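S.K.:
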Amino acid sequence: DQQVKQNSPSLSVQEGRISILNCDYTNSMFDYFLWYKKYPAEGPTFLISISSIKDKNEDGRFTVFLNKSAKHLSLHIVPSQPGDSAVYFCAASSWGSSNTGKLIFGQGTTLQVKP
Amino acid sequence: EAGVTQFPSHSVIEKGQTVTLRCDPISGHDNLYWYRRVMGKEIKFLLHFVKESKQDESGMPNNRFLAERTGGTYSTLKVQPAELEDSGVYFCASSLTAEQYFGPGTRLTVT
Numbered sequence: 001d002q003q004v005k006q007n008s009p010s011l012s013v014q015e016g017r018i019s020i021l022n023c024d025y026t027n028s029m030f031d032y033f034l035w036y037k038k039y040p041a042e043g044p045t046f047l048i049s050i051s052s053i054k055d056k057n058e059d060g061r062f063t064v065f066l067n068k069s070a071k072h073l074s075l076h077i078v079p080s081q082p083g084d085s086a087v088y089f090c091a092a093s094s095w096g097s098s099n100t101g102k103l104i105f106g107q108g109t110t111l112q113v114k115p
Numbered sequence: 116e117a118g119v120t121q122f123p124s125h126s127v128i129e130k131g132q133t134v135t136l137r138c139d140p141i142s143g144h145d146n147l148y149w150y151r152r153v154m155g156k157e158i159k160f161l162l163h164f165v166k167e168s169k170q171d172e173s174g175m176p177n178n179r180f181l182a183e184r185t186g187g188t189y190s191t192l193k194v195q196p197a198e199l200e201d202s203g204v205y206f207c208a209s210s211l212t213a214e215q216y217f218g219p220g221t222r223l224t225v226t
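Chains as they are written, first to last, in the working numbering: chain A, 1 to 115; chain B, 116 to 226.
1. Which same chain residues, not among the five before or five after residue 204 of chain B, have their C-beta less than 6 Å away from its C-beta?
2. In this structure, does DSSP put residue 223 of chain B in helix, strand or coil?
3. Using the three-state DSSP reduction, which class does residue 200 of chain B fall into: helix, strand or coil?
4. Let me make sure I understand the geometry here. Which of A:85, A:53, A:100 and A:97 has the alpha-carbon closest to that of residue 114 of chain A?
5. With residue 149 of chain B as the anchor, note down where its beta strand (DSSP E) starts and where it stops.
6. Looking at the structure shown, is residue 84 of chain A part of a helix, part of a strand, or coil, going by DSSP?
7. Taking 7 Å as the limit between beta carbons, can you name the residues of its chain near residue 150 of chain B, skipping five residues before and five after?
8. Assign residue 146 of chain B to buried or exposed, taking buried as 16 or more other Cβ atoms, counted over all protein chains shown, within 10 Å of its Cβ.
9. Quick one: is residue 25 of chain A near chain B, going by C-beta distance under 8 Å?
10. Whole angstroms is fine: what's the gap from residue 91 of chain A's alpha carbon to residue 69 of chain A's?
11. Quick one: what's got a C-beta closer than 6 Å to residue 93 of chain A's C-beta in the same chain, skipping five residues either side?
12. With distances taken from CA atoms, which of B:201, B:216, B:172 and B:195 is nearest residue 225 of chain B?
13. Express the C-alpha separation of residue 189 of chain B and residue 34 of chain A in angstroms, rounding to a whole number.
14. Which whole-angstrom value is the C-beta distance of residue 6 of chain A and residue 27 of chain A, which I expect to be below 8 Å?
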């Protein structure tokens, strides 16, 4: 039962353009969503998060959009840089409504930014 | 500020042997989590400590896995006896709030 899905295994964009990574979830109890970036042989690095009471959160080149009615979130990277090439994981938790903040991860999307 | 550290970075053991993984969280983080990624699949939750107490063990695969966090600081995850399907990368994460910060992981190979 895959509660968090990233349906695109890979994405390739040109340097300077926008990268859009998508994520869908099924559990309406999720109230906090996070994006992580992962390089090979390293642990996931926290990028940006959003609470379910918001629909947008921005941090520099990274913006996360949340559409609760569609149970969909997306990460926008503008402008994309070659150093952004990595695997991006979407994760969800029920931080505010449960006694555990365990993260449920998607399968990941490999982003390649071409110079 | 030091991040989450894990030891060892890589462990190769034979089936039936015992392995103990260690995680040192970010200082002051009461929440400590263990996750596992098997064969390039999604990262899966194993368990959650709040200080020294196990808050959620729902992700532990079976009773061959034992996690401890004595004194509420570092944590260990012991696998005894190890089986082939235990191979994967074990991540530890710590947090004060909802954002979790991950360590580099321990790659476990059971042969």
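From the three backbone atoms N, C-alpha and C, an ideal C-beta is built for every residue, glycine too.
Note that the coordinates shown come from a computational prediction; the quantities given were computed from them, not determined experimentally.
M.R.: In this structure, then:
1. The residue labelled residue 204 of chain B in the question sits at position 89 within the second sequence. For residue 204 of chain B, where only same-chain residues beyond five positions count, the Cβ hits under 6 Å are 152, 220 and 222.
2. On the second sequence, residue 223 of chain B is found 108 positions in, with the first residue counted as 1. Three-state result, residue 223 of chain B: strand.
3. Counted from its first residue, the second sequence places residue 200 of chain B at position 85. Helix, per DSSP.
4. Locating residue 114 of chain A in the first sequence gives position 114, where the first residue counts as 1. Nearest of A:85, A:53, A:100 and A:97 to residue 114 of chain A, Cα basis: A:85.
5. Counting from 1 along the second sequence, the entry for residue 149 of chain B is found at position 34. For residue 149 of chain B, the enclosing beta strand (DSSP E) starts and ends at 146-152.
6. Locating residue 84 of chain A in the first sequence gives position 84, counting from the first residue. Looking at residue 84 of chain A - three-state DSSP - the assignment turns out to be helix.
7. Position 35 of the second sequence holds residue 150 of chain B. Correct list, in chain order: 158, 159, 160, 161, 206 and 208.
8. Position 31 of the second sequence, counted from the start, is the residue given in the question as residue 146 of chain B. Classification for residue 146 of chain B: buried.
9. Looking up residue 25 of chain A in the first sequence gives position 25. Cβ-Cβ to chain B under 8 Å: no for residue 25 of chain A.
10. Counting from one through the first sequence, the residue named residue 91 of chain A turns up at place 91. Counting from one through the first sequence, the residue named residue 69 of chain A turns up at place 69. Here the C-alpha atom of residue 91 of chain A lies approximately 18 Å from the C-alpha atom of residue 69 of chain A.
11. Within the first sequence, the letter at position 93 stands for residue 93 of chain A. Cβ neighbours of residue 93 of chain A within its own chain (closer than 6 Å, five residues either side excluded): 32, 101 and 103.
12. Position 110 of the second sequence, counted from the first residue, corresponds to residue 225 of chain B. Ranking B:201, B:216, B:172 and B:195 by Cα distance to residue 225 of chain B puts B:201 first.
13. Within the first sequence, residue 34 of chain A is the residue found at index 34, counting from 1. Within the second sequence, residue 189 of chain B is the residue found at index 74, counting from 1. Roughly 25 Å separates the two Cα atoms.
14. For the purposes of this step, residue 6 of chain A is identified with residue 6 of the first sequence, where counting begins at 1. For the purposes of this step, residue 27 of chain A is identified with residue 27 of the first sequence, where counting begins at 1. By a beta-carbon distance limit of 8 Å, residue 6 of chain A does not contact residue 27 of chain A. Their separation comes to about 15 Å.
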